[in-house]
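>
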Amino acid sequence: AGARIMGSLHMTVQTAVLIETLVDLGAQVRWVSCNIFSTQ
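Using our numbering, the letters of the sequence shown map in sequence onto residues 1 to 40.
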């Protein structure tokens, strides 16, 4: 807990689950998508 994590990776269901899991474990997460089509 208390980890601060930043990432830049194509947003997929798996990436979203990873982010949600990290948040549930107490991490502060900031994420940007590197593929413009993944946010549509």
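All residues carry an ideal CB built from backbone N, CA and C; glycine is no exception.
1) Express the C-alpha separation of Ile-19 and Gly-26 in angstroms, rounding to a whole number.
2) How long is the line joining the alpha carbons of Trp-31 and Gly-2, rounded to whole angstroms?
3) Once the 5 residues before and after Gly-23 are set aside, which same chain residues still bring their CB inside 8 Å of it?
4) With a threshold of 6 Å on Cβ separation, who are the neighbours of Thr-15 within its own chain once the five nearest residues in sequence on each side are excluded?
Quick look at the numbers:
1) Here residue 26 corresponds to residue number 26 of the sequence shown, with the count starting at 1. Here residue 19 corresponds to residue number 19 of the sequence shown, with the count starting at 1. Looking at the two C-alpha atoms, the distance is approximately 11 Å.
2) As a position in the sequence shown, residue 31 is number 31, starting the count at 1. As a position in the sequence shown, residue 2 is number 2, starting the count at 1. Looking at the two C-alpha atoms, the distance is approximately 17 Å.
3) Translated into the one-based positions of the sequence shown, residue 23 becomes position 23. For the sequence presented, residue 23 should be read as Val rather than Gly. Excluding residues within five positions, the ones whose Cβ falls inside 8 Å are Val-29.
4) Walking along the sequence shown from the start, residue 15 turns up at place 15. Result list for Thr-15: Leu-9, in chain order.
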